[in-house]
Every structure is written in C-alpha cells, then in structure tokens.
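Student: My structure is below; once you've seen it, I'll send some questions.
2 protein chains.
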Amino acid sequence: MKYNQVTIKDIARELGISPSTVSRALKDHPDISPETKKAVNELAEKLNYTPNIVALSLRQSKTNTLGVIIPEIVHFFFSTVISGIEDVAYSAGYNVIITQSNESLLREKTDIKALFNSRVDGMLISLSRETSTFEHIDATLAKGVPMVFFDRVYDTPTSSKVVVDDLSGAKEATLHLIEQGCTRIAHLEGPPNLGITKQRLEGYIEALNESNIPVNKDIIMSCPLGTIEEGKSATEALLKMDNRPDAIFATNDPAAMGAMQAIKEAGLKIPQDIAVVGFSNWFFGALLEPPLTSVDQPGFEMGQEAAKLLIRQIEVKSKDNSEPVPETKLLKTRLIIRDSSLKKGKK
Amino acid sequence: MKYNQVTIKDIARELGISPSTVSRALKDHPDISPETKKAVNELAEKLNYTPNIVALSLRQSKTNTLGVIIPEIVHFFFSTVISGIEDVAYSAGYNVIITQSNESLLREKTDIKALFNSRVDGMLISLSRETSTFEHIDATLAKGVPMVFFDRVYDTPTSSKVVVDDLSGAKEATLHLIEQGCTRIAHLEGPPNLGITKQRLEGYIEALNESNIPVNKDIIMSCPLGTIEEGKSATEALLKMDNRPDAIFATNDPAAMGAMQAIKEAGLKIPQDIAVVGFSNWFFGALLEPPLTSVDQPGFEMGQEAAKLLIRQIEVKSKDNSEPVPETKLLKTRLIIRDSSLKKGKK
DNA sequence: GTGAAAGCGCTAACAT
DNA sequence: ATGTTAGCGCTTTCAC
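Just so you know, the protein sequences line up as chains R and S, in that order.
For the first sequence, the positions run 1 to 347 when the UniProt record's numbering is used.
For the second sequence, the positions run 1 to 347 when the UniProt record's numbering is used.
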C-alpha cells in the first residue's frame, strides 16, 4: 500500500536532520539528545507516522508473524484455538496469518508454501484429515522453520506439540456414566487413522476395567467416516439388541448427533431411557447449551499454549541459534454434566 | 524469517550472470534467451527458490494482502464469509489477514491500525456491535485505503458494501408461514440499534399487509439484548396469551433458541402446535440439520462479493488513480423449509 | 550527539 | 540479450 504514508525521511527533511537520527530518536536511543527526541516524537505524532512493517521485516529478516494452518475455521473448536493463539501472539508483538487446509493434504502443502513465502517466523499446524505422509512437513522443518503442532499432531520426537488428554477425558466420561448407574455402555468409535480414536477407546476400556465391568465388543461400534448417518445407523443397531445399552459414549460430534437422532426417532428419552455422553468439538460447542453431557475440549487454552511454545522456540533460535528442546503439553478436558438426575432415577 | 532462504543472488552467482537477468528469466521476460531461461528455471527448481514476498512488497509498495475485520470468528456466519473471501482472494493472487474485533470498538480501532501498519492493500470490514462513531473509519478512508463493508456496514454513500436483503428474506419467511395456514404470527425483534432489526420487521409487516392479516403489536416482542433467556421469556409470555400465536418468527438465533426452549418446556410441539421460523447466522448454521425452518444467510457468497468489489477497487485505483464508484450488493436469502407437513395439518 | 553509507531482496529504467 | 544502478523504508555499523 503506497498512498499517503509518512516515512522517516519526511520527518528528517522537515526537521533538517538525518533519517538515522530520526530512527534512533523514535526508538529512544540513549545517544540522542532529549530535545531532538522531543521534536521528532512530536512531529511523528502530528504527521501520524507509522513505521512501515514491510521495510522493517525485510531489514531484520523477521516478520513478527506466526502462520497458522487449521483444518477448518467453521469448527467451533478450531475457532476458539485461533482466539487463544491471537491472545498470546498479540501480547508478544506478533501478528497471525490463518490458513485453512479444508481437510485436504494438497491445500495443506500449498498453505505451508504460502506461509513460507510470506516468511512467517514460525508455524502452528493442526494436520488435515488426509495427511498421512510427512515429506512436506519434514522439508519445511529442514529449512529451519520453527513449528508447533496442536490437536492433530505430527508424532515425531523432534517437534513440540500440544494435545488434549483424550485418554483421561474419555475415562472420566465413562466413569461418570458408571457412577450414574449405567452398566451397558456402548462406544461409538471414530476414524481409525486418528490417534484420538485409539486414546478415547483406551480411556473407555480403562474405566470399565477399573469398575469391573466386562468389555463387550458387540457394543463397540466403528464409525470410520465421521458422518451423522453413520452414528445414526450404528445406534439403530444398538437399540435393536436384545439387551440394549443403557448408555452411549460417542467419541465425536457427528456420531453423537446421529445417536441422538436415532434415539429420538425410536421414541426413547435421553437420559432416562438411555444416557449419552459426547466429545464436543465441532457442533456442540457452538450451542450455548449442549443437549447432552459432554467432554469439553480446551480450545482457547490449546491456542495459548501452542503460541507460547512457538514464540519461545523462535526467540531461543534467533538468540542462541541453538536447536530448541521439543516439548509436549497435555491439556485436561472438562466434563459438562447435564444428566445428573439420572443417578437417582437409576437407583 | 532468515534461515536457509535461497535468493536471486545465489542463482546469479552460481550461473555467473547478473541478478537482474535471473529476475527477468524467472518472469519469462521476452528479452531473455531461451537457454538462459532454462538454466535459471532449472537451478531455481533445484535450489527450491521461492521469491521473498517481503522484498517484493517493499519494492512495489503493494503487499497483495487484504485485511479483514470481523466481529467474531466463532460465529458460523462469519467463518463462512471468510471462506468466501479467501476463495476470491487466493485466485486473484491475494493473501488474507483476519482480525477479530470481539464486538469491541476499541479492538476495531487497533485492528484497523494494525492492518494499516501491515500495509494491506485494502480492508474488508464488518462493524462491531459497539461501533456507533466513525472517525476511525473516516480517517483511514482519508488516507486512501480502499474499504468494503459487509453485513454490518458503515452506511455512507462513498463506500461499497455488501448486505443481505433482510427485508425480502423476512417477508418470504412470513409469507411461508401464512401459506402454511398460520394467521397469528408473533415476531421476536432483535437489538434496536441494528439496521437488520428494522428491515426484518418491515418484511414481516409487508407480508402481513399483502395477506390482509392485521398487524398485532401485542405479539411483536422486543428482544434488545440478543440473549437466549430473553427469547425464552418473551415466548413464555406469548404462550400464556388467551389467543396464543400459531407461529413465531424469530429474527435472530438466540431468540429462536429461547423460543424453542420455552415451547419445549411448555410441552408443546414444533411445528404442530406452533410453527417457528428463525434467521440462521450463528448457531443453526453450525448444525447440519437446523431444528426448524430457517432463513439461510449467504455467508460464502457475501465473502466472495465483498472480496471482488475490494479487489476491483484496489486495481482500478492503482491503475487510473481515480476514485472508484461505490457499489452496493444486495444478496438474496434462501428459505430452508422443514415444516412443510404443517400445511396439510392445518387444513 | 549526529550523519553517511551500506544493505535486507527484488525490480525497472537505463545503459551497452 | 544482458549488466549496472538506483531505490522501496528502515536500521546499524562506522565515522566524526
């Protein structure tokens, strides 16, 4: 943008001093006399001078900008992550550029290229659903670009990541159902290639084991596609069973949505006839009052932590030029309970 | 970002030619011999050369970046607008920087400053809920920054804007209810300082007038705060009336959510006992299946149109240096019907 | 305490 | 067909 921008030269000319003096005066350099400083600052104020960040970035080979790649901005969870990132970035003097991969590996690759071209100081990445090869990431890491992964992480020991403690969250949710008197708890499983799917199943199993409830594989249903329809038909199958489950633990939103639809259409009531617990990341978070008990994912906190780690990496690297030690942050979930009446009902 | 970046100089040195020749070869300049071009392009490919956008921006006084200010990214509507903006921007060779005002005037002001400092080529703005003074906008416009407003617009004849045709949308929704056999249609009104509130009421009244249904002020309820509770208590009042409404037109999401809750708690059914139509921008859009008939807001299209207008402005200005003619785009809503069974029921 | 000069990476006159 | 030079706005040695 050219337009009417005031530069350091303009101030220098008007004051009859050199651009370097103006530059120093503006940064409160100790060498500059108080009078000069005063004159410069006043004129800068008057002319509405704002430094040209583009020139600054070129000069310092540092853009003070973080690049972010998320699968989709429309997901409530990811938009809260963004707010967390911005919160930390802004107060540390960094700007943020957000790109969406739209769950596509191809887009993820071009996003990384675009961010690299923009010379961002580092990248915060949550992998697309399609990403199962990592050359594009490795190549960019090899160029020395600091990266921190969040939520859908690249599982390599050399980079930092921030993830939700899915195992504990799933365990807590399952224990809650057990505490409410449920004993036949079905599990709706997510896409098998995602790490979270495994974690959530494990938490579920741990809870059952600790409570001496046998794990019944017949009521662990696979929902690999992540669609509502899938969750619905899985639930319909569950409801048709002779000894139907008294609770459903849906490990992702579409599965939970589908489960609720199926239950409603069967004329049953939640949670009286069958309790439902869901993980909330896309849909439910957007509703001020999720319709069922849910495991809340700390998106804002995740954004904050990821940004903190990245900024630390960037600043360590620019100082010492040493490789930063990768860190992993595990964030706790929070159970939002809406079926606490169930306990009494069951007894 | 410094790190291992390859520059034009590196290519020039390695090939024993000058940087300008390399630059020209890369842009397929007609003066350069085919052999040189080939050599340069091959080496560039091999070294993984990517142009430094920061240097380019400084050189051309053009960043090829659009700045966007939205009230909140978590709103489904605004996140679809962003996707629309990106769609058009990327294919025209522009990057996009998104900022959130969080519905705060102060944040809006600092966002504008930050975007100006980043020397974006133009700005796309949807005003915060707090914005009722416009000096910050005027000052930036005066500096020659192209601006296009969308959804929550600055109503001045000198700048371009893209808005939803709320009047027609509201009218269509109300006519739909009338067509379904409803005659006592309540209206839940939004915050009075927003233009959309007036538009939606007007559309509602037009529909009633055209259908020879008298406008009954007793069932036009004000919901100035935009909270769910408010919509709920307004609806509770409506349901208590002797001759209670057979339909509710909720002009915003929280009001619609509140209405639905109140109806459910009163043991009534939607749409059999009482039909509900809502405007969908925040919540419902996030659900793949909104629970009621709703007026869909074309967010993606709005983003596209706004970006198109802005880019045209930028490019006209940089060529002719003439002031662009402001344009206003009115976008049609779309009625998503889920209560079509009602008609028969009523007859 | 201040100025002159160089350079970040790139491009576009202006040479040759 | 290619090289030289200057400059976008800013900072930072190195002079004085």
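For every residue, glycine included, the Cβ atom is placed at its ideal position computed from N, Cα and C.
Owing to the predicted nature of the structure, the values given are computational and were not obtained by experimental measurement.
What residue range does the beta strand (DSSP E) around Gln60 of chain S cover?
Tutor: By 1-based counting over the second sequence, the position of residue 60 of chain S is 60. No beta strand (DSSP E) holds Gln60 of chain S; the alpha helix (DSSP H) holding it covers Ile53 to Gln60.
Student: Gly345 of chain S: buried (16+ other C-beta within 10 angstroms of its C-beta) or exposed?
Tutor: Residue numbering aside, residue 345 of chain S sits at position 345 when the second sequence is read from its first letter. Residue placement at Gly345 of chain S is flagged as unreliable, the pLDDT there being 48, under the threshold of 50; the coordinate-derived value follows with that caveat. So Gly345 of chain S ends up on the exposed side.
Student: Could you pull the DSSP bridge partners for Ile69 of chain R from this structure?
Tutor: Within the first sequence, numbered from 1, the residue matching residue 69 of chain R stands at position 69. Bridge partners of Ile69 of chain R: R:Thr99 and R:Ile125.
Student: If you follow the beta strand (DSSP E) that Ala266 of chain R is in, where does it begin and where does it stop?
Tutor: Numbered from 1 along the first sequence, position 266 holds the residue referred to as residue 266 of chain R. Here Ala266 of chain R belongs to no beta strand (DSSP E), and DSSP marks it neither H nor E.
Student: Tell me which residue opens and which closes the alpha helix (DSSP H) that Asp218 of chain S is part of.
Tutor: Counted from its first residue, the second sequence places residue 218 of chain S at position 218. Unbroken run through Asp218 of chain S: none, as it is neither H nor E.
Student: For the segment 136–149 of chain R, list every residue whose C-beta sits within 7 Å of some C-beta in chain S, in sequence order.
Tutor: Those would be Lys143, Gly144 and Val145, in chain order.
Student: Leaving out five residues on either side along the sequence, give the residues of the same chain with a beta carbon under 7 Å from the beta carbon of Ile8 of chain R.
Tutor: Here residue 8 of chain R refers to the residue found at position 8 when the first sequence is read from its first residue. Closer than 7 Å at Cβ, skipping near neighbours: Pro19, Val22 and Ser23.
Student: Kindly indicate which three-state DSSP category Lys27 of chain S falls into: helix, strand or coil?
Tutor: Numbered from 1 along the second sequence, position 27 holds the residue referred to as residue 27 of chain S. The answer is coil: DSSP assigns Lys27 of chain S none of H, G, I, E or B.
Student: So, for Ser322 of chain S: in the same chain, excluding its five sequence neighbours on each side, which residues have a beta-carbon less than 8 Å away from its beta-carbon?
Tutor: Counting from 1 along the second sequence, the entry for residue 322 of chain S is found at position 322. If we look at Ser322 of chain S and ignore the five residues flanking it on each side, its Cβ neighbours are Val316.
Student: How is Ile337 of chain S classed by DSSP in three states: helix, strand or coil?
Tutor: Within the second sequence, the letter at position 337 stands for residue 337 of chain S. Coil at Ile337 of chain S, not helix or strand.
Student: Could you check how far apart the C-beta atoms of Glu103 of chain S and Glu72 of chain S are, in whole angstroms? I think they sit under 8 Å.
Tutor: Numbered from its first residue, the second sequence carries residue 103 of chain S at position 103. Numbered from its first residue, the second sequence carries residue 72 of chain S at position 72. That pair is a contact at about 6 Å.
Student: Taking the alpha-carbon positions, what's the Lys347 of chain S to Glu179 of chain S distance?
Tutor: Sequence index remark: in the second sequence, residue 347 of chain S carries index 347 (1-based). Sequence index remark: in the second sequence, residue 179 of chain S carries index 179 (1-based). Confidence in Lys347 of chain S is poor, its pLDDT being 40 and thus under 50, which makes the residue's placement too unreliable to answer from.
Student: Thinking just about the alpha-carbon of each residue, which of S:Asn209, S:Gly267, S:Thr251 and S:Glu206 is nearest to the one in Glu236 of chain S?
Tutor: In the second sequence, counting from the first residue as 1, residue 236 of chain S sits at position 236. Out of S:Asn209, S:Gly267, S:Thr251 and S:Glu206, S:Gly267 has the C-alpha closest to the C-alpha of Glu236 of chain S.
Student: Going straight from the alpha carbon of Pro298 of chain S to that of Leu330 of chain S, what length do you get?
Tutor: Along the second sequence, one-based indexing puts residue 298 of chain S at 298. Along the second sequence, one-based indexing puts residue 330 of chain S at 330. Between Pro298 of chain S and Leu330 of chain S, the C-alpha separation is close to 11 Å.
Student: I'd like the list of long-range same chain contacts for Ser233 of chain R, defined as Cβ closer than 8 Å, with 5 residues on each side in sequence excluded.
Tutor: Locating residue 233 of chain R in the first sequence gives position 233, counting from the first residue. Gly258 and Ala262, listed in sequence order.
Student: Of all Cβ atoms in chain S, is any one closer than 8 Å to the Cβ of Asn117 of chain R?
Tutor: Reading the first sequence from its first residue, position 117 is the one you call residue 117 of chain R. By this cut-off, Asn117 of chain R is an interface position.
Student: Closest to Tyr154 of chain R by CA distance: which of R:Ser132, R:Gln60 and R:Glu172 is it?
Tutor: The residue you call residue 154 of chain R lines up with position 154 of the first sequence. Looking at the Cα atoms, R:Ser132 is the closest of the given residues.
Student: In whole angstroms, give me the CA-to-CA distance for Gly274 of chain S and Ala142 of chain S.
Tutor: For the purposes of this step, residue 274 of chain S is taken as residue 274 along the second sequence, with counting starting at 1. For the purposes of this step, residue 142 of chain S is taken as residue 142 along the second sequence, with counting starting at 1. The question names Gly, yet the displayed sequence has Ile at residue 274 of chain S. In a straight line, the C-alpha of Ile274 of chain S is about 52 Å away from that of Ala142 of chain S.
Student: Let me make sure I understand the geometry here. Which of R:Ile219, R:Ala170 and R:Gln100 has the alpha-carbon closest to that of Lys198 of chain R?
Tutor: Taking the first sequence and counting its residues from 1, one reaches residue 198 of chain R at position 198. Residue R:Ala170 is the option with its Cα nearest to Lys198 of chain R.
Student: Is there a Cβ of chain S sitting closer than 8 Å to that of Asn52 of chain R, yes or no?
Tutor: Stepping through the first sequence from its first residue, residue 52 of chain R is reached at position 52. Yes, because at least one Cβ of chain S sits closer than 8 Å to the Cβ of Asn52 of chain R.
Student: Would a C-beta distance cut-off of 8 Å place Gly203 of chain S and Thr174 of chain S closer than the cut-off?
Tutor: Translated into positions along the second sequence, residue 203 of chain S becomes position 203. Translated into positions along the second sequence, residue 174 of chain S becomes position 174. It is a contact, given that the beta carbons lie within the stated cut-off.
Student: Taking Ala92 of chain R as part of the beta strand (DSSP E), name the residues at either end of that continuous run.
Tutor: Mapped onto the first sequence, residue 92 of chain R falls at position 92. First-last for Ala92 of chain R: undefined, no H or E at that position.
Student: May I ask you to list the residues that DSSP assigns as paired with Ala307 of chain S?
Tutor: For the purposes of this step, residue 307 of chain S is taken as the residue at position 307 of the second sequence. In DSSP, Ala307 of chain S forms no bridge with anything.
Student: Would you decide whether Thr63 of chain S is buried or exposed? Buried here means 16 or more other CB atoms lie within 10 Å of its CB.
Tutor: Counting from one through the second sequence, the residue named residue 63 of chain S turns up at place 63. With 16 or more other Cβ atoms within 10 Å, it is buried.
Student: Measuring only the C-alpha atoms, how far is Phe78 of chain S from Gly190 of chain R?
Tutor: Here residue 78 of chain S refers to the residue found at position 78 of the second sequence. Here residue 190 of chain R refers to the residue found at position 190 of the first sequence. Roughly 28 Å separates the two Cα atoms.
Student: Assuming the contact rule is C-beta atoms closer than 8 Å, Thr122 of chain R and Leu66 of chain R should be a hit. Round their C-beta distance to whole Å, please.
Tutor: Indexing the first sequence from 1 puts residue 122 of chain R at position 122. Indexing the first sequence from 1 puts residue 66 of chain R at position 66. Per the sequence presented here, residue 122 of chain R reads as Gly, with Thr not at that position. Right, their Cβ atoms sit about 6 Å apart.
Student: Can you name the start and end residues of the alpha helix (DSSP H) that Phe150 of chain S belongs to?
Tutor: Numbered from its first residue, the second sequence carries residue 150 of chain S at position 150. First-last for Phe150 of chain S: Met147 to Phe150, but that is the beta strand (DSSP E), not the alpha helix (DSSP H).
Student: Mind listing the chain S neighbours of Ala55 of chain R? Cutoff is C-beta to C-beta under 8 Å, in chain order.
Tutor: For the purposes of this step, residue 55 of chain R is taken as the residue at position 55 of the first sequence. Leu58, listed in chain order.
Student: Among the residues of its own chain, which have a CB less than 7 Å from the CB of Lys308 of chain R, if the five just before and after it don't count?
Tutor: One-based indexing of the first sequence puts residue 308 of chain R at position 308. Counting only Cβ-Cβ distances below 7 Å, and skipping sequence neighbours, we find Val88.
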